[in-house]
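Protein chains in written order, with my numbering: chain A, 1 to 493; chain B, 1 to 452. All residues carry an ideal CB built from backbone N, CA and C; glycine is no exception. To keep things clear, I will list the structure first and then write my remarks on it.
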Amino acid sequence: MKRRAIRSEPLFFERNSRRVRRQGYLLPTLDVPEVTPSEVLPPELVREPDPHFPDVSEMEVVQHFHRLSQLNYAVDEGLYPLGSCTMKYNPRINEETARLPGFACLHPLQPQSQIQGALRLIWELEESLKAITGMPGVTLQPAAGAHGELTGILMIRKALEARGEKREVVLAPDSAHGTNPATATFAGFRAQEIPSADDGTVDLGALDSMMDETVAALMLTVPNTLGVFEHKILEIAELVHSRGGFIYMDGANLNSFVGRALPGLMGADAMHINLHKTFSTPHGGGGPGAGPVTVSDALLPHLPVPKVHRGDGGFELQWEDPASIGQMRGFYGNFLILVRALTYIWSLGAEGLRSMSDVAVLYANLVRHRLNGAYHLKFDAPSLHEVVFDDSLQTRHEVHNVDIAKRLLDYGFHPPTMSFPLIVHGALMIEPAESVAPEEVEAFCDAMLAIAKEAESDPELVKSAPHDTPVGRVDEVRAARNLKVTWTPEEET
Amino acid sequence: MHPWVGAGPEDRRHILSELGLKSIDDLFASIPAGVCVDGLDLPPAKDESWIRRTLGEMASTNVAMDSTPCFLGAGVYRHVQPSVVDAVLSRAEFFTSYTPYQPEISQGTLQVIFEFQTLISRLTGLDVANASLYDGATALVEAVLFSHRVLRGKRELVVVAETIHPMYRRVLDTYTRAAGIEVAVVSPGTDGRLDPDTIRKVAGDRACCVAIQSPNFLGIIEDLPQLATAAHDCGALAVEVVTEAVSLGLLTGGGSFGFDVVCGEAQSFGVAPGFGGPHLGFFTCSPKHLRQMPGRLAGETVDEDGARAFCLTLSTREQHIRRAKATSNICTNQGLMALAATVWLEAMGGSGLRELASSCLARTEELKRRIAAIGDPWRIAYPHSPTFNEFLLVGPASGIELVEQLASEGVLAGVPTTDWGGSWPDGLLVAVTERNSAEDLDAFVAALETLS
C-alpha cells in the first residue's frame, strides 16, 4: 500500500494571491517598433487585462504540475486492467520518434515537395494495417475510435446511396459499446438492439428475423465486449450480406487476435482500429487517440479525402473525389499518433505482434482461472483478451462492483471497467493486456481474491473504501447537482 | 520474445500448465478455422537503432518549419514552445493514464481539465467550456449540431461565413449532408468582412445558427457585436470560430458580445504543428445550454470528508450512458493536448499572453508596412481592414507559384489560397508570430524584392 505525501494542490487561479507581476517565460525580444493595439484594432474589441489570470514564475509552473501528477494513477505505476481499453505499455521510443523535428514541426499545408517523408509514413502505416486486417483499403483520418465508427457508417451510407437504396436501421447487439448506437444516430440512422444468445454472442435467430431490407448495417464488436469470439461470424456475415446489408466491425478488441485471424476473412466491410489500444499509443488522460478505418472492396471508392497515393514522382495527396464521403476532420488525422503506431508495428514485427495477442489472451485466461469461483462468471464461453465477472456473489454482503473497484485502489491497482457490458449486471470487465510481467497479473489476482474474502468477513471495510488515496470517495452526485465547471473569483459570483 | 511482451516462453509454459493446456493455440479454439491465418505478411522485428535511423531519415526528408524563416498559418501556427510544456507532457503520470473515470486516483488529470475549462472560458467570455474536442473543424461541426439541438431541430438551415477556414467548411459539409441540414454560405464584402445585413437576409427566420470566424480565414477581424446582433435578430444562435487562439490574448472573445458558442482550435497554445494533428478543439457555451453540450466535462465537488475534489460530470449526456440518445458519439478526446495548453497558458500568465499577442501584432504591422513600401507588383488584398497576425498578400503570380518561388529564396512565405476557391484573390496567406524576428522579416522582404 502506498502513502502519498501530496494529497492536494491549490488551483492555478489561487496562486500569486497578491496578483503581482511575475514572469513564467521570457518572450523573444521585440525587435520591431511597438504598436498600441487600440490604434490598429477596433478599440471596442481589444480585451481588458484579466486580473484573475495570474502570472507565476517558471518553477511555480513546474511544481504545480509535478504535484498534480502525483495525484494520478498511470500505466507506468501498475496494472491498469480497464476492460475494452487495452491499457498496455507505451514504449518510450514512440515518444522519441513522434518528437523528431521533421514530423513535430511540420505544417500540414506545406507544398508536397516538402512533406514527402510525412506522406511516406502515412503510406507505410496504411500498408501495415492492410496486412494486419487483410482488408484492401484504409483511411488514417479519424481522430478516435468513435470517429472511425462514424467514418465507416457514413461510407456505408454513401455506398447505399450509390446503389440507389435508402435503408434506415443500424443493428447492434445489446452488448455493444455505447458509441455504436450513438454513432448510428449521429449518422442519421435508427439504432436497433439485437438480443444476445445464452452464451453472450449474437442470437442468429433474432438477427435472421430483424435483418430485412430496412437494415443498412450490423455493427459488431469482435471479439465482443465479453471477450468472446463470435464463433458464427461467417454465418452472420453471409446472412447480412445476402440481404444487402454491410458489416461494420468495431475493432476495439483487435488486441486479441493479431496474427491469428483476419477481419478481411470474417466479412467485415469496415472496421476501425484504435491505435491507442492495440498499437500502444498513449491514452494521455483521455486522448488523443486515432481510429483508422480499414474497408472492403465494396467501400473502397468512398474513403474520405484527402488520400495519399504513391506515384512515379513520389507521394501525392488527392483532395477531390466525387465518390468519397468527404473530409472527416482537419488535415490528415492525428499524425503524430500515426508515427507512434508505425514505430510500434515496425518494432514488434510479424512475430512480435502475434505474441502480443497470444500473451494478452493468456493473461486474461490466467485471471479467469484464478478468480473464477471467488467471483461469478455469468457467461462461460471461452475468453480471449478480457473476462467479465459480476458482483452477484458479493452483493449478498451488500458489496457492489463499485465498492470492489474502490477497494482495489487501496491495493494499488486501477479497477476493471464497471457496469459494462449492459447484459451483465454489476459487471467487472478485466483486460490485463500483454505488457506486464506475470507476477503483476498474479498480484492483481491476489488483491481481487483478498477483496472477495473481505467482502464476506468485513464488508464495511470494502464499502467504505478507498482508505488510502489522495482524496476519499468522491461525491459525484453532488458534482452533477451543484454544477461548478469553472473556477470563479468571489467578486464575479 | 520481445521487450514489450511481458511473458517469456517459460512464463507462458508455466501459465499454460496452470490452465491445463498444452499450447497457446488451444486458447484460440473458439475462432473458426475459415478466418484464421498463421502469422502476418509483415517484416520481422526491428531494434531501436534501426527505428531511430529509418524514421529519422524519413522525418529529415520533410522541411521542418524551424529550418528557415517561416510564415505559415491558415489554422496552424508556430509559437514559442516553453521547454516546461514537453517536460510536463512527458510525465508518465499524465501521458500513460486514461480518462479519469476513477476520481480518487485521477485528481491530477481532473484538476488540469478544470483549470483548462476555466482558462478557455475566461478567454472566450462564456461560462462553460468542455474538456476538449478533436480539432477546430470538428468543433465547428459540434457547434452546428448543438445549435440544431438547442432549437429542437425546428430550423434546418445553417448560415456559415465563407471566411470560415475552407477546410472546416468541407468537414462541416460531410456531417450536414448526413444529418440533412442545409448550409448557406455568406461571402464577405469588398473589405473582406461580413455585412450584418447580408446575414439577416440569408438567415431569415429559418436558421438555427450563424457561424463566423474571427480573425477570419483572411486574417481580418470581424465586427463581433454587430454579427451577434444580426444572428439574434433572426432567432438563430451566434457561433464564433477561432482558429488562432493567441488572438484571444488581445481580442475580446465573442461571449462578451453575446455569442452563444465560441469554439475552435487551440493548437497555438503549446501544441506542436505535427503535420496537422493531434491538435486541440475547444467548445464554450452559456450555462443555459450546458445539457446540450458535447464532450467530457470536469466539475468541482467534495470527497466524503468534505475536502475539495474533482470528477467527470453530466455524463448522462454522453454515449456510454445515453447510447443512441447521446449529444455526440465522442468518447476519446484530446486530453493530453488540453494539458499542453494548460501548461503553456499558465507559463505565459495573463500578462505574458497579452505581451505575446501584442508582439504578433507589432511584427505583422511592421511586415505590412514594409510590403506596402515595396508596392507594385505586391499588394495587401484588404489594406484597410484590421488584422491580428495574418493577412492576404497578392503578387505577380498565383499563390501556389509564389510559394515555390519564395521557397527557392529560402522563405516559407505562406499558405496559398489558390486551391481553396472563394471570393477572394488568389494569393498567399502570410502569418507572422512572435517567432518571426526582424531578420525573418528582412528575409521575407528581400525575397519579395527579388521577385519584383
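May I have the straight-line CA-CA distance separating residue i from residue j, to the nearest angstrom?
| i | j | result |
| --- | --- | --- |
| V56(A) | V388(A) | 48 Å |
| L89(B) | V171(B) | 29 Å |
| G495(A) | L234(A) | Nothing about residue 495(A) can be reported from this structure: the residues present for chain A run from 1 to 493 only. |
| P278(B) | E456(A) | 48 Å |
| H14(B) | L27(B) | 15 Å |
| E439(A) | D312(A) | 52 Å |
| P273(B) | S17(A) | 35 Å |
| F444(B) | V411(B) | 6 Å |
| P54(A) | F12(A) | 8 Å |
| A7(B) | A326(B) | 41 Å |
| P263(A) | E244(B) | 42 Å |
| P301(A) | T151(A) | 13 Å |
| M293(B) | D135(B) | 16 Å |
| G249(B) | N389(B) | 12 Å |
| M1(A) | E9(A) | Low confidence applies to M1(A): its pLDDT is 41, below 50, so where it sits in the model is not reliable, and the reading given next is rough at best. Rounded to whole angstroms, M1(A) to E9(A) spans 22 Å at the Cα level. |
| G148(A) | R296(B) | 18 Å |
Give me the residue from the options with the minimum Cα distance to residue i.
| i | options | result |
| --- | --- | --- |
| N255(A) | K277(A), K158(A), F420(A), A184(A) | K277(A) |
| L371(A) | M429(A), L409(A), G314(A) | M429(A) |
| H107(A) | A129(B), D419(B), C70(B), L123(B) | C70(B) |
| P425(B) | E409(B), P396(B), Q405(B) | P396(B) |
| A139(B) | A266(B), R379(B), K288(B) | A266(B) |
| D66(B) | G56(B), Y77(B), E57(B), M58(B) | Y77(B) |
| L68(A) | T488(A), K484(A), P470(A) | P470(A) |
| H320(B) | L336(A), P181(A), P10(A), G200(A) | P181(A) |
| V503(A) | L353(A), E95(A), T29(A) | This structure does not reach residue 503(A), given that chain A is present from 1 up to 493, and the question cannot be answered. |
| G227(A) | L362(A), E60(A), V20(A), V46(A) | L362(A) |
| Y80(A) | K463(A), A433(A), P489(A), E491(A) | A433(A) |
| H309(A) | I122(A), E48(A), P223(A) | I122(A) |
| R308(B) | V485(A), Q70(A), V474(A) | V474(A) |
| L41(A) | A357(B), F444(B), S437(B) | A357(B) |
| A104(A) | S30(B), A59(B), L126(B), Y134(B) | A59(B) |
| I156(A) | W346(A), D380(A), G244(A), D458(A) | G244(A) |
Give me whichever residues DSSP pairs with residue i in a beta bridge.
| i | result |
| --- | --- |
| N372(A) | Y375(A) |
| Y101(B) | Looking at the DSSP assignment, Y101(B) forms no beta bridge with any residue, so it has no partner. |
| R308(B) | V302(B) |
| N72(A) | S106(B) |
| K307(A) | Q318(A) |
| R317(B) | Answer is none; R317(B) lacks a bridge partner. |
| A129(B) | T284(B) |
Hey, does residue i have any beta-carbon neighbour from chain B nearer than 8 Å?
| i | result |
| --- | --- |
| S347(A) | yes |
| E490(A) | no |
| Y332(A) | yes |
| S38(A) | no |
| H397(A) | no |
| N365(A) | yes |
| E149(A) | yes |
| M429(A) | no |
| F389(A) | no |
Step through the CB atoms of chain A and report whether any lies within less than 8 Å of the CB of residue i.
| i | result |
| --- | --- |
| P383(B) | no |
| N389(B) | no |
| T332(B) | yes |
| P278(B) | yes |
| A298(B) | yes |
| I212(B) | no |
| L208(B) | What sits at residue 208(B) in the sequence shown is Cys, not Leu. Cβ-Cβ to chain A under 8 Å: no for C208(B). |
Mind checking if residue i is an interface residue toward chain C, Cβ cutoff 8 Å exclusive?
| i | result |
| --- | --- |
| F283(B) | Given the protein chain composition of this structure (A and B), no chain C is represented. |
Under 7 Å (Cβ pairs) to chain B, residues found in the stretch 110-136 of chain A: Q110, P111, Q114, I115, Q116, G117, A118, R120, L121, S128, A131, I132
The stretch 240-264 of chain B: positions lying closer than 9 Å to chain A by Cβ: L248, G249, L250, L251, T252, G253, S256, F257
Under 9 Å (Cβ pairs) to chain A, residues found in the stretch 91-108 of chain B: Here the close residues are R91, A92, E93, F94, F95, T96, S97, Y98, T99, P100, Y101, Q102, P103, E104, I105, S106, Q107, G108.
Contact list for the stretch 299-328 of chain A against chain B, Cβ threshold 8 Å: P304, W319, I325, G326, Q327, M328
Cβ-based contacts, 9 Å cut-off: residues of the stretch 38-59 of chain B near chain A: D38, G39, L40, D41, L42, P43, P44, A45, K46, D47, E48, W50, I51, R52, T54, L55, G56, E57, M58, A59
Where the stretch 249-261 of chain A meets chain B: residues whose CB sits under 7 Å from a CB there: F257, G259, R260, A261
Members of the stretch 282-301 of chain A near chain B, C-beta cut-off 7 Å: P282, H283, G284, G285, G286, G287, P288, G289
Interface positions of the stretch 458-492 of chain A facing chain B (Cβ-Cβ less than 7 Å), listed along the chain: P466, T469, P470, V471, G472, R473, V474, D475, E476, R478, A479, A480, L483, K484, V485, T486, W487
Interface residues of the stretch 60-87 of chain A facing chain B [CB-CB below 9 Å]: E60, V61, V62, H64, F65, H66, R67, L68, S69, Q70, L71, N72, Y73, A74, V75, D76, E77, Y80, L82, C85, M87
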